[in-house]
Amino acid sequence: MASQGNGQHVLLTGANGFVASHILAILLERGFAVTATVRSQTKADDIIQTHPSWKGKINFVIVSDFTSQHPFDELFENTKNSAVPLTYVIHTASPLKFNVKDIQKEMIEPAVMGTTEILKSAHRHGGATLKRFVLLGSAVSVLDSFEDITREGRPYTENDWNPVTVQQAINRKDTVLGYNVSKTQGEQTAWEFMKTHRPKFDLTVINPDIITGPMIHPISGSGSINETNHFAIASFIDGTHKTVEDVRFPFYHFVDVRDVAQSHVDALTNPAAGSQRILLISGLITPQLVVNIIRRHFPALEDRVPEGNPSQILPDGIHPTGWDMRVSLDILSKGRKEGSWKYIELEQSVTDTVQSMIDRNVL
Ligand SMILES: NC(=O)c1ccc[n+]([C@@H]2O[C@H](COP(=O)([O-])OP(=O)(O)OC[C@H]3O[C@@H](n4cnc5c(N)ncnc54)[C@H](OP(=O)(O)O)[C@@H]3O)[C@@H](O)[C@H]2O)c1
Numbered sequence: 001m002a003s004q005g006n007g008q009h010v011l012l013t014g015a016n017g018f019v020a021s022h023i024l025a026i027l028l029e030r031g032f033a034v035t036a037t038v039r040s041q042t043k044a045d046d047i048i049q050t051h052p053s054w055k056g057k058i059n060f061v062i063v064s065d066f067t068s069q070h071p072f073d074e075l076f077e078n079t080k081n082s083a084v085p086l087t088y089v090i091h092t093a094s095p096l097k098f099n100v101k102d103i104q105k106e107m108i109e110p111a112v113m114g115t116t117e118i119l120k121s122a123h124r125h126g127g128a129t130l131k132r133f134v135l136l137g138s139a140v141s142v143l144d145s146f147e148d149i150t151r152e153g154r155p156y157t158e159n160d161w162n163p164v165t166v167q168q169a170i171n172r173k174d175t176v177l178g179y180n181v182s183k184t185q186g187e188q189t190a191w192e193f194m195k196t197h198r199p200k201f202d203l204t205v206i207n208p209d210i211i212t213g214p215m216i217h218p219i220s221g222s223g224s225i226n227e228t229n230h231f232a233i234a235s236f237i238d239g240t241h242k243t244v245e246d247v248r249f250p251f252y253h254f255v256d257v258r259d260v261a262q263s264h265v266d267a268l269t270n271p272a273a274g275s276q277r278i279l280l281i282s283g284l285i286t287p288q289l290v291v292n293i294i295r296r297h298f299p300a301l302e303d304r305v306p307e308g309n310p311s312q313i314l315p316d317g318i319h320p321t322g323w324d325m326r327v328s329l330d331i332l333s334k335g336r337k338e339g340s341w342k343y344i345e346l347e348q349s350v351t352d353t354v355q356s357m358i359d360r361n362v363l
């Protein structure tokens, strides 16, 4: 695998993020040349401080505001004539914080404009070498935010779209809905762009559910645990939840961050991934499953983690709709040298996440 990237150049956006840091690690390991965007020089410096061995291997570009005029044009212009022109784009940067005041300005606009602007620049200035654009989407643009969660429905497939609207999110002042709209509209915009402009490159969208897993991105202190690792795991250790039974998750399926990263890098060169949506779901995640795993593997944390009712896996009245993964699994398998795809399971994901929080002293 180490030679996959030879002579190929990837543009990765939001490189300091939880997921993007894992993507960056694999890109470098596989020998890709990498141009990485972050919002400030300090964030680029933080990446190198966290991973000193990456020094000199990444071409950092600062893109501070997706809602500015043509924020990506200069980047594409400059890299067009570089020794190794761009071959692929992986776009991950998008707001993922639920504590926001203005859903439209802080969530939806940056998500949709970021995607539109980078696609426009890639189309106009990407040149003939640009082959594929991989967008980090989300399962929230597939599932139905308003589904009746008290009974299991028909499993979701790659053909489903979340019907949620901007107005619903804003009227209800619901930031989870706001996030769902931002991802749904961001992805729809990308597919519409492809249909209207027919660029030379193709598009792959990867749609993961809740992402958990070890953190290798720059962090400092407990407040800097990324949003999903916090609500799904750390919140049961740091005193946020005193009980388990009354905790509800916004979604009940997960995937490990290492699988998310792997799938993105595989998708660059996997012919089967072209023009596809790829669902990425390992299995069920519930508050009770998470605390059971933490208490089983970390006896030293037992006093801090509520016990709940270890044998009742699903919260009362919750019956999450499942996912029909057949089409996506087939594509993911074709992207692997060994011809099969195997997900990291919840036990491993939660254990490795908690260990990384202990190792990095953020609990
Ligand atoms: N974590 C999950 O459960 C999950 C599930 C499905 C999909 N996703 C998607 O995965 C991607 C990365 O999420 P993550 O979990 O890695 O979150 P994260 O650690 O918060 O990373 C988000 C990245 O996006 C950048 N970003 C946020 N708002 C931005 C804005 N307004 N303009 C420019 N850049 C902005 C951040 O930059 P700063 O550090 O400068 O803010 C950061 O680099 C997102 O597209 C998210 O929707 C995540």
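Residue numbers (full-length UniProt numbering): 1 to 363.
Glycine included, C-beta positions come from ideal geometry on N, C-alpha and C.
Close-in-space but distant-in-sequence residues of the same chain around residue i (CB under 8 Å, 5 per side omitted)
{"i": "Ala2", "result": "Unreliable placement is indicated for Ala2, whose pLDDT of 42 sits below 50; the coordinate value is still reported in the next sentence. For Ala2, where only same-chain residues beyond five positions count, the Cβ hits under 8 Å are Glu29, Arg30 and Gly31."}
{"i": "Ala272", "result": "Asp330, Ile331, Lys334 and Gly335"}
{"i": "Gly239", "result": "Arg304"}
{"i": "residue 422", "result": "Since the first residue shown for the chain is 1 and the last is 363, residue 422 is missing from the structure and cannot be characterised."}
Check whether residue i and residue j have beta carbons under 9 Å apart
{"i": "Val205", "j": "Leu130", "result": "no"}
{"i": "Ala111", "j": "Gln185", "result": "yes"}
{"i": "Leu12", "j": "Thr116", "result": "no"}
{"i": "Thr321", "j": "Glu158", "result": "no"}
{"i": "Ser141", "j": "Asn162", "result": "yes"}
{"i": "Val176", "j": "Thr165", "result": "no"}
{"i": "Val257", "j": "Gly223", "result": "no"}
{"i": "His217", "j": "Thr50", "result": "yes"}
{"i": "Phe251", "j": "Val244", "result": "no"}
{"i": "Gly126", "j": "Lys195", "result": "no"}
{"i": "Phe133", "j": "Tyr88", "result": "yes"}
{"i": "Ile293", "j": "Phe249", "result": "no"}
{"i": "residue 369", "j": "Leu24", "result": "This structure leaves residue 369 out entirely; the chain is present only between 1 and 363."}
{"i": "Gln4", "j": "Thr269", "result": "yes"}
{"i": "His319", "j": "His197", "result": "no"}
Cβ-based neighbour list, residue i, same chain, cut-off 6 Å, excluding 5 preceding and 5 following
{"i": "Thr228", "result": "Ile210 and Ile211"}
{"i": "Leu96", "result": "Glu227"}
{"i": "Glu109", "result": "Thr67"}
{"i": "Asn59", "result": "Thr35"}
{"i": "Val247", "result": "His241 and Pro287"}
{"i": "Ile26", "result": "Ala261 and Val265"}
{"i": "Ser340", "result": "Ser333"}
{"i": "Ile225", "result": "Ala234 and Val362"}
{"i": "His297", "result": "Thr351"}
{"i": "Asn6", "result": "Gly31"}
{"i": "Asp160", "result": "Val142"}
{"i": "Ala169", "result": "Ile103, Leu177, Gly178 and Val181"}
{"i": "Lys43", "result": "Asn16"}
{"i": "residue 375", "result": "What the structure shows of the chain is the stretch from 1 to 363, and residue 375 is not part of that stretch, so it cannot be assessed."}
Three-way DSSP call (helix, strand, coil) for residue i in this model
{"i": "Gly283", "result": "strand"}
{"i": "residue 366", "result": "Since the first residue shown for the chain is 1 and the last is 363, residue 366 is missing from the structure and cannot be characterised."}
{"i": "Leu143", "result": "coil"}
{"i": "Ile108", "result": "helix"}
{"i": "Asn361", "result": "coil"}
{"i": "Asn78", "result": "helix"}
{"i": "Leu96", "result": "coil"}
{"i": "Arg336", "result": "coil"}
{"i": "residue 379", "result": "Summary: the structure shown does not reach residue 379, with the chain confined to residues 1 through 363, and so no result is reported for it."}
{"i": "residue 369", "result": "Residue 369 cannot be examined here, being either before or after the span of the chain that is shown, 1 to 363."}
{"i": "Leu135", "result": "strand"}
{"i": "Ile90", "result": "strand"}
{"i": "Val327", "result": "helix"}
{"i": "residue 364", "result": "In this structure the chain extends from 1 to 363, so residue 364 is not present and cannot be described."}
{"i": "His123", "result": "helix"}
{"i": "Thr115", "result": "helix"}
{"i": "Ala36", "result": "strand"}
{"i": "Leu130", "result": "coil"}
{"i": "Val305", "result": "coil"}
{"i": "Val10", "result": "strand"}
Spatial neighbours of residue i in its chain, beta-carbon cut-off 7 Å, leaving aside the 5 residues before and after
{"i": "Gln312", "result": "Gln288"}
{"i": "residue 364", "result": "A question about residue 364 goes unanswered here, because the residues of the chain that appear run from 1 up to 363."}
{"i": "Pro208", "result": "Ser138, Ala139, Val255, Val260 and Leu280"}
{"i": "Phe72", "result": "Val63, Glu117, Ile118 and Ser121"}
{"i": "His77", "result": "Here the sequence assigns Glu to residue 77, which means His is not the residue at that position. Only His125 meet the Cβ criterion."}
{"i": "Ser275", "result": "Asp202 and Leu203"}
{"i": "Asp144", "result": "Asn162 and Pro163"}
{"i": "Gly317", "result": "Thr150"}
{"i": "Gln41", "result": "Ile62"}
{"i": "Trp323", "result": "Pro155, Tyr156, His253, Leu279 and Ile281"}
{"i": "Leu314", "result": "Thr286"}
Below-9 Å beta-carbon distance, residue i vs any chain D residue
{"i": "Trp54", "result": "No chain D is present in this structure, which holds just one protein chain."}
Whole-Å CB distance - residue i paired with residue j, under 8 Å assumed
{"i": "Val291", "j": "Pro306", "result": "6 Å"}
{"i": "residue 364", "j": "Val265", "result": "With the chain running from 1 to 363 in the structure shown, residue 364 is simply not present."}
{"i": "Val38", "j": "Asn16", "result": "5 Å"}
{"i": "Glu347", "j": "Gly283", "result": "With a Cβ gap of about 10 Å, Glu347 and Gly283 do not count as contacting."}
{"i": "Arg215", "j": "Ser349", "result": "Reading off the sequence shown, one finds Met at residue 215, where the question assumed Arg. Not quite, the Cβ-Cβ distance comes to about 12 Å (not below 8 Å), so this is no contact."}
Contained beta strand (DSSP E) runs [length at least 3] in the segment 170-211, N- to C-terminal order: List check, beta strand (DSSP E) in window: 202-208.
What are the start and end residues of each continuous beta strand (DSSP E) run of 3 or more residues lying completely inside the segment 226-298, in chain order? 253-256 and 277-280
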